[in-house]
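> Numbering (the UniProt record's numbering), first residue to last: 1 to 612.
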Amino acid sequence: MTADAFLLYGTHAVEAEPVGLRAGVLTADFVNGNLRTIRHGGIEVLRAIAYIVRDRDWGTYESALTDLVIDQGADTFSVSYSASCVGPRGSRLDFRATINCSADGHLAFDVSALPESDFETNRCGFCILHPIAGLAGSPVTVEHTDGSVVETKLPLLIDPWQPFKDVRAIAHEVRPGVIAECRMEGDAFEMEDQRNWSDASYKTYVRPLALPWPYMLPAGETVRQTISLRVAGDGKVPAAAATAEPIRVELGETGPLLPDIGVIIYPDEVETALANLPKLSALGPQQLMFHYDPTRGHGLDALQSYARLAAAYPAVTTLECVVSCVGDPDAELSGVADMVRQVGLRLSAIAVSPSVDRQSTPPGSAWPECPPLEDLYAAARRAFPDIRLGGGMFSYFTELNRKRVPADLLDFVTHCTCPIVHAADDLSVMQSLEALPFITASARAIFGAKPYRIGPSTIAMRQNPYGGATKANPHTQRIAMADRDPRHAGLFAAAWTIGYAARVAPAGLEALTLSSFTGPFGVLAASGEPVGEGEPRPTFQAVRGLCELAGFRHVAARTSDETRVLSLAARSAAGKTVMWLANLTASKVTVDISGFERRHLVMTPYAIIRIG
C-alpha cells in the first residue's frame with residue numbers, strides 16, 4: 001500500500017474500488033455485495049440497495065463474498081454471490097444473492113437467507129436509501145401492505161419517528177415525465193428519516209421497530225426478500241455533464257457570526273494537555289468543554305484537574321455534566337457545585353443531561369424512568385445560579401428530536417452528531433455533511449432563536465446510544481459505531497472538519513466542537529500515525545483555521561459541485577474576507593476561484609486550502 005493512503009486515511013488499508021455497472025441509461029456501483037449510487041441518466045434515483053445483517057447492539061456484520069460472478073452485457077448486467085455471517089457462539093447465517101438489470105430500467109435484487117442454526121439479529125434484510133438532495137420535501141406515492149395507495153411527501157424537516165409504515169412500494173419523480181418505483185417483497189417495510197443521525201438519506205428497512213428485537217431466525221427456515229426498481233416514462237434524458245470543467249465558487253451575502261470553537265477535554269487527557277500548552281495556545285480554541293460523568297467514577301480529582309487546565313489556558317469553560325439521577329437531583333448537583341468551588345474551577349456555563357437520556361428510546365420502546373427535565377434544570381439553576389445553563393442531548397440530534405427539552409428554561413440547547421452510526425465507508429462519511437443543514441434547520445424550527453451549540457461531533461463514536469458499548473477497533477479499520485477511527489489521523493478528517501463547519505455556518509451557532517485536544521478524538525497524534533507522536537494531526541490545521549474565523553461574519557459561499565468541494569467564507573470586522581476550501585474526494589479537483597482571486601486551484605485528495 002502507498003504512503004499516500006496512510007496520509008489520507010491514517011491507515012494503509014484502502015477501500016475496494018466499486019465495480020461500475022450499466023444497463024441502458026441506468027448505472028450503479030457494486031460495492032461489497034450491495035448497490036450504491038443508482039442513477040438514471042446521471043440523476044441519482046437511489047443512494048443504495050443493501051442487504052444488512054445487524055447484531056444485538058446494531059453493529060453490522062461484515063460478510064465475505066464467495067462465488068461472485070459479475071456479467072456486464074451490452075445493455076444489461078447481472079451479479080450473483082454467496083455470503084455468510086458468523087454470530088456469537090458459532091451461530092451462522094448463509095445467504096445467496098442475485099441482481100439482474102435490463103435495458104428497460106428494471107432492476108431486481110433478490111436474497112435468500114438460511115440460518116444454519118438459530119441466529120440472533122436486530123435486523124436481517126434489505127435497506128433502501130433514497131437521497132435527500134433534490135428529494136427532501138418532494139411528492140411521493142406510497143403503496144402500503146394492505147394495498148392502499150397514498151399521495152404524500154417526503155419530510156422536509158427531520159421526522160423524529162417513521163414517516164411511512166407498512167410499506168410495499170414508494171414511487172417518486174426522477175425528472176419530468178420519469179417515475180421511479182421501488183417495490184419491496186418478503187416482509188413489511190417502514191421508513192425512517194436517517195437525517196436524524198446525519199445520514200444523507202431516507203432509509204426504508206425491513207421489520208418494523210415496534211416488533212421485538214433482538215429476534216431469532218430459526219435454524220433451517222429460509223428468509224427471502226426481493227427489491228425491484230423500475231424507472232419508466234417519456235421524459236428526455238439530459239446530455240451528460242462535462243465533469244472535466246473546474247468547480248466554480250460563488251460568494252453571496254453576509255450572514256450570522258461564525259461560532260466559537262471548542263475542544264472537549266476528558267479527565268485522563270488533562271496531563272497531556274498541560275504538557276502541550278504551547279500547542280493548545282497555537283490551536284486557539286475559544287472554549288474548553290470539560291466532560292464530567294459520575295457514572296464513570298468522575299469526582300473531585302477530575303474537577304481538580306480541570307481547574308488546573310482552566311487556570312493555565314484562560315478560555316470560556318463549560319462543564320458537560322452527566323447527572324446520574326440515582327437520588328435527589330438537588331443533592332447531586334449541589335454536591336458537584338460544592339466540589340467545583342472547593343477546587344477553584346472557573347466555569348462559564350454548565351450543560352446537564354440525565355444519564356439515561358444518553359441511551360436512545362426507539363419507536364415502540366418504553367421511555368426509561370427519569371426526573372422531569374423541568375425539575376432537573378431547576379436544580380441546576382439552584383446549584384449554579386451565576387453561570388449559563390445548557391441542556392439537550394449529549395448524544396445525537398435523533399434523541400433531541402424525539403425528546404424535545406423545555407428550552408425556555410435554558411440559556412442554550414446542545415446536541416452532537418456522529419457520521420458512522422449506520423455506515424463507515426469513506427463515501428457515506430463525507431455524504432453525511434449533506435444532512436447537517438437539515439439538522440440545524442429542524443433544530444431552529446423546534447427551538448427558534450435559542451442559542452444553539454453542536455458538539456463534540458467527531459468521526460469516531462464516543463458513546464453508543466443504541467447498544468451496550470461502542471465497537472473496539474484495535475486494527476484501525478472502517479467500522480460503524482467504533483470508539484476510534486483511523487481517518488481522524490489523516491487528511492480525510494481535516495476535509496471533513498472544514499466541510500462540517502461550512503454546512504452548519506448559516507445556522508448561527510454560538511459554539512461548535514469538532515475535536516478534543518488529545519486522545520483518539522484529538523488534534524495531536526498518537527504513536528504509529530502519519531505524523532510523529534505528539535505532533536499536530538492534519539485536522540489541527542482545520543480546527544485552528546476555524547478558531548481564527550470565530551466571530552467573523554459568515555459569507556454565503558456555494559460551489560458548483562458540493563458533493564466534491566465545500567467552501568467556508570467569512571468576513572472580519574475590518575472587511576477582510578477569508579475562504580477555506582475542502583476537497584471531499586480521493587481525486588484531484590480543479591477549482592475556479594476567479595470570483596475571489598483571478599486563478600484556478602488544483603486541490604489534491606482531501607486537501608484543505610485557506611485563501612485570503
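Virtual Cβ for every residue (Gly too), placed ideally from N, Cα, C.
1) Locate the beta strand (DSSP E) running through T398, then write down its first and last residues.
2) Classify K450 as helix, strand or coil using the three-state DSSP reduction.
3) Could I get the ranges of all uninterrupted alpha helix (DSSP H) runs contained in the segment 281–351, with 4 residues as the minimum, in chain order?
4) Pull the bridge partners of Q72 from the DSSP assignment, please.
5) Measure from the alpha carbon of residue 625 to the alpha carbon of each residue in I158, R248, A169, A50, then state which is nearest.
6) In the DSSP output, which residue or residues are listed as bridge partners for H172?
7) Whole angstroms are fine: how far does the CA of P285 sit from the CA of L581?
8) By Cβ distance, which residues of its chain are closer than 6 angstroms to R39, with the 5 residues on each side in sequence left out?
9) How close, in whole Å, do the beta carbons of R36 and I132 come, if the pair is a contact with beta carbons under 8 angstroms?
10) Quick check on this structure: which residue in P520, L568, N583 has the alpha carbon closest to the alpha carbon of D483?
11) Output the distance between the C-alpha atoms of R248 and I609, rounded to the nearest integer angstrom.
12) Is any non-hydrogen atom of the ligand NAP found closer than 7 angstroms to the C-beta of M579, if you look at the structure I gave you?
13) Nearest-angstrom Cα distance between F77 and I49?
14) Okay, do the segment 375–383 and the segment 475–490 touch, 3+ Cβ pairs below 8 angstroms being the bar?
15) Helix, strand or coil for S594 per DSSP?
16) Assuming R537 contacts P160 under a Cβ cut-off of 8 angstroms, what Cβ separation, rounded to an integer in Å, is found between them?
17) My assumption, with CB atoms under 8 angstroms, is that L546 sits in contact with I261. Please give the rounded CB distance.
18) Using the DSSP secondary-structure output, state which residues sit across from N583 in a beta bridge.
19) Would you please state the rounded distance, in angstroms, between the beta carbons of S198 and R47? I believe it to be under 8 angstroms.
20) Assign I608 to one of three DSSP states: helix, strand, or coil.
21) Would R453 be called buried (16 or more neighbouring beta carbons within 10 Å of its own) or exposed?
22) In chain order, what residues of the same chain lie with their CB nearer than 8 angstroms to the CB of M1, ignoring the 5 residues before and after it?
23) Taking contact to mean at least 3 C-beta pairs separated by less than 8 angstroms, is the segment 441–451 in contact with the segment 384–404?
24) Residue range of the beta strand (DSSP E) that S228 falls in?
25) With burial defined as no fewer than 16 other Cβ atoms inside 10 Å of the residue's Cβ, what is the status of I99: buried or exposed?
26) Please give me, in chain order, every unbroken run of the alpha helix (DSSP H) with length at least 4 that falls completely inside the segment 254–279.
27) I'd like the span of the beta strand (DSSP E) that includes D199, first residue to last.
28) Below 8 angstroms, can you find three or more Cβ-Cβ pairs linking the segment 417–435 to the segment 378–390?
29) Enumerated in chain order, which unbroken segments of the beta strand (DSSP E) with a length of 3 residues or greater are wholly contained in the segment 476–506?
30) Determine, using beta carbons only, whether A108 and A83 come nearer to each other than 8 angstroms.
31) To which residues of the same chain is V589 closer than 7 angstroms at the C-beta, ignoring the five residues directly before and after it?
32) Go ahead and pull the three-state DSSP assignment for C101.
33) In this structure, does DSSP put S515 in helix, strand or coil?
34) Check whether the Cβ atoms of residue 646 and I350 sit closer than 8 angstroms, and answer yes or no.
35) Quick one: grab the DSSP three-state call for A83.
36) Give a yes or no on contact between the segment 212–219 and the segment 109–126, applying the rule of three or more CB pairs nearer than 8 angstroms.
On the basis of the coordinates in this document:
1) Under the DSSP assignment, T398 falls outside any beta strand (DSSP E), being part of the alpha helix (DSSP H) whose first and last residues are 397–402.
2) The three-state secondary structure of K450, taken from DSSP, is coil.
3) 300–312, 329–343, all fully within the segment 281–351.
4) F77
5) As shown, the chain starts at 1 and ends at 612. That puts residue 625 outside it, with no answer to give.
6) V140, A180
7) 21 angstroms
8) T27
9) By a beta-carbon distance limit of 8 angstroms, R36 does not contact I132. Their separation comes to about 15 angstroms.
10) P520
11) Taking the straight line from one Cα to the other gives about 15 angstroms.
12) Questions concerning the ligand NAP fall outside what the structure shown contains, since it holds no ligand whatsoever.
13) 16 angstroms
14) no
15) coil
16) Taking 8 angstroms as the upper bound for CB-CB distance, R537 and P160 are not in contact here, some 35 angstroms apart.
17) Right, the Cβ-Cβ distance comes to about 5 angstroms (below 8 angstroms), so this counts as a contact.
18) Its beta-bridge partners are V565.
19) The Cβ separation is near 14 angstroms, so there is no contact.
20) strand
21) By the C-beta density criterion, R453 is buried, having at least 16 other C-beta atoms within 10 angstroms.
22) With a pLDDT of 38 at M1, under the threshold of 50, the modelled position of that residue is not reliable, and the figure given next carries that caveat. Cβ within range, chain order: H12, A13, V14.
23) Yes, they touch.
24) 223–233
25) buried
26) 270–275
27) Annotation for D199: no beta strand (DSSP E) segment contains it, and DSSP assigns it neither H nor E.
28) no
29) none
30) no
31) If we look at V589 and ignore the five residues flanking it on each side, its Cβ neighbours are I247, R564, V565, N583, M603.
32) C101: strand per DSSP, three-state reduction.
33) Of the three classes helix, strand and coil, the one that applies to S515 here is strand, per DSSP.
34) Outside the shown range of the chain, which is 1 to 612, sits residue 646, and nothing can be said about it.
35) strand
36) yes
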